[in-house]
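J.: Numbered per our numbering, the sequence shown spans residues 12 to 448.
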Amino acid sequence: MKVLKFGGTSVGSAARMKDVAKLICDGEQKIVVLSAMSGTTNSLVEISDYFYKNNTAGALERINTLEQKYVDVIAELYATDTYKTEATKVIKSHFEYLRSFSKSVFTLFEEKAILAEGELLSTNMFQLYLLEQGQNSELLPALEFMRIDKNSEPDTAYIAENLEKFLIEQPGKTYYITQGYICRNFYGEIDNLQRGGSDYTASLIGAAIKADEIQIWTDIDGMHNNDPRYVEKTTPVPFLHFEEAAELAYFGAKILHPTCILPAKLNNIPVRLLNTMEPDAPGTLISMQSKKGTIQAVAAKDGITAIKIKSGRMLLAHGFLRKVFEIFESYQTSIDMITTSEVGVSVTIDNTKRLDEILNSLKKLGTVTVDTDMVIICVVGDLPAENVGFQAKAVNSMKEIPVRMISYGGSNYNISFLIKSEDKKRALNALSQGLFN
Ligand code: ADP
Ligand code: ASP
Ligand code: MG
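Now the structure itself:
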């Protein structure tokens, strides 16, 4: 069985939902994961924000605007009054639920319940549309089988066991429709897999059922060799190794959620990136195969903070790096990039929640300097040391850009540069020019 995930734009209007239905209804049994309609999760974040600020009027106004959008979609999506009435009943109950938060205390728990509504709405509407079309489909309730543990990691055994239970209870269905992104946590509360997490749902389900293939359908024809939001004339990369795709996703290629490659890689399930608007385009196939000796793509990760710790005593001092890393560990902050010299070490982090505490502790070890608003530019491909010359090509492409750190050798799949965010667009374009032209 295959797992197909359709993102927000792919289900962003009545017309798009109809296209998705056409795409999936080929008689082959499959699990279909849907995101919320595009814009909905952002609206739900805003609504929560109003509730946090005790601005009930603001929240209710945003809820009404969002509801009107769904009323319009219903008018266009269904052909019969029976299904229009049924769908109206469904969305009414969801919007009443959203309004009910004006009467309660508002905490993170309530916010997560609100954020889950987008995927519940899109899947319920889509399932009704399939039924109206006479398709043999069934909803799988993600909140009953997707679960994360105490460390917010997916509980893969629980997911596999409970998903199978639902599949066995509903045998003989051709299309199983389920919600991306949403889950329950260790305490049984409604939670989520972080923004963009529907990709992760798809790969976790793929791993749980040992799928033949996981397909991520979106609004572009595969992973491009550079970020199309900053660089013109990017082109799709036909084949990527799991490691290459994971690096690109982690380092900012928004087309994939950073964690979604791992479950597929562990189970050796190919991941195909495809375009809903152009279903016949080949897209990108991510698998164990790599294209030997090639630089494949470039990505950029924003919001990076660089910290340099200089110690006069580092000369021959063993144990210095351990002390530095222990500080980051004790504040549960992971390090992305690291470079060292005899006198100091530079690291980057993207989570600055505990930055002040980290800096206070680091200052006991040496002189500390901090650069905020930095970007990691990541050049990805099959880059073993024997493939002489690719470093020169990458560095040479960056010759006009002030580079704060360079890192290679952590894997055979990437070289990373740390630069200021103001230089990001220039750097991405320079790399496209130097590497792919
Ligand atoms: P979805 O809502 O379907 O999950 P996303 O917006 O999360 O879609 O991801 C698709 C978008 O990712 C594209 O529209 C594109 O702008 C952006 N993107 C960033 N980097 C890349 C890249 N290297 N290749 C393709 N798309 C990319
Ligand atoms: N709807 C969620 C979001 O917008 C999850 C997703 O689309 O993947 O972040
Ligand atoms: Mg996405």
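Every residue, glycine too, gets a C-beta built ideally from N, C-alpha and C.
Three-state secondary structure (DSSP) at residue 367?
T.: Helix, per DSSP.
J.: Near ligand 3, which residues have their beta-carbon closer than 6 Å to a heavy atom?
T.: So the residues near ligand 3 by this Cβ test are 18, 207, 210.
J.: Hey, quick one: how far does the beta strand (DSSP E) through residue 187 stretch, first residue to last?
T.: Unbroken beta strand (DSSP E) run through residue 187: 186-190.
J.: Could you check what DSSP says for residue 250 in three-state terms: helix, strand or coil?
T.: Residue 250 falls in the strand class under three-state DSSP.
J.: If you drop the 5 nearest sequence neighbours on each side, which residues of the same chain put their C-beta closer than 8 Å to that of residue 370?
T.: So the list reads 318, 379, 381, once near-sequence residues are dropped.
J.: Leaving out five residues on either side along the sequence, give the residues of the same chain with a beta carbon under 8 Å from the beta carbon of residue 91.
T.: Answer for residue 91: 143, listed in chain order.
J.: Quick check: is the beta carbon of residue 236 nearer than 7 Å to any beta carbon in chain D?
T.: No chain D is present in this structure, which holds just one protein chain.
J.: Identify the continuous beta strand (DSSP E) that holds residue 45 and give its terminal residues.
T.: 41-45 is the span of the beta strand (DSSP E), which, as asked, contains residue 45.
J.: Starting from residue 452, follow its DSSP beta bridges and name the residues at the other end.
T.: Any question about residue 452 goes unanswered here, given that the chain covers just 12 to 448.
J.: In the DSSP assignment, find the beta strand (DSSP E) that holds residue 348 and state where it starts and stops.
T.: Residue 348 -> beta strand (DSSP E) spans 346-351.
J.: Between residue 81 and ligand 2, is the CB less than 6 Å from at least one heavy atom?
T.: No - ligand 2 has no heavy atom lying nearer than 6 Å to the Cβ of residue 81.
J.: When DSSP builds the beta bridges, which residues end up paired with residue 194?
T.: Residue 194 pairs with 202.
J.: Is the CB-CB distance between residue 272 and residue 250 below 7 Å?
T.: No, they are not a contact pair.
J.: For the pair the stretch 288-306 and the stretch 36-43, tell me if three or more CB-CB distances fall below 8 Å.
T.: Verdict: no, contact absent.
J.: Taking DSSP as the reference, what is the three-state secondary structure of residue 356?
T.: Residue 356: strand per DSSP, three-state reduction.
J.: Once DSSP output is grouped into helix, strand and coil, what is the label at residue 298?
T.: Of the three classes helix, strand and coil, the one that applies to residue 298 here is strand, per DSSP.
J.: Alpha carbon to alpha carbon, how far is residue 418 from residue 436? Give it in angstroms, no decimals.
T.: One C-alpha to the other measures close to 20 Å.
J.: Do residue 89 and residue 102 have their C-beta atoms closer together than 7 Å?
T.: No, the Cβ-Cβ distance between residue 89 and residue 102 is not below 7 Å.
J.: Please go through the same chain and pick out, in chain order, the residues whose beta-carbon is closer than 8 Å to the beta-carbon of residue 74, but skip the five residues on each side of it.
T.: Once the five neighbours on either side are set aside, the close Cβ partners of residue 74 are 58, 106, 109, 110.
J.: To the nearest whole angstrom, what separates the beta carbons of residue 391 and residue 308, a pair I think is in contact under 8 Å?
T.: That belief holds up - the Cβ atoms of residue 391 and residue 308 are roughly 5 Å apart, short of 8 Å.
J.: Out of 118, 259, 408, 119, which one is the CA nearest neighbour of residue 444?
T.: Residue 408 is the option with its Cα nearest to residue 444.
J.: May I ask you to report which of helix, strand or coil DSSP gives residue 317?
T.: Residue state, collapsed to three classes: strand.
J.: I'd like the ranges of any beta strand (DSSP E) spanning at least 3 consecutive residues and lying wholly in the stretch 93-169.
T.: Correct list: 148-151.
J.: Could you tell me which of 366, 53, 47, 368 sits nearest to residue 135, measuring between CA atoms?
T.: That would be 47, whose Cα lies nearest to the Cα of residue 135.
J.: Assign residue 285 to one of three DSSP states: helix, strand, or coil.
T.: Residue state, collapsed to three classes: strand.
J.: What number of angstroms, rounded off, separates the C-alpha of residue 234 from the C-alpha of residue 266?
T.: Whole-angstrom Cα-Cα distance: 7 Å.
J.: Go through the stretch 19-63 residue by residue and report every complete run of the beta strand (DSSP E) that reaches 3 residues or more, in order.
T.: Listed in chain order, they are 41-45.
J.: Is residue 149 closer than 7 Å to residue 181 when the C-beta atoms are compared?
T.: In contact: residue 181 and residue 149 (Cβ atoms closer than 7 Å).
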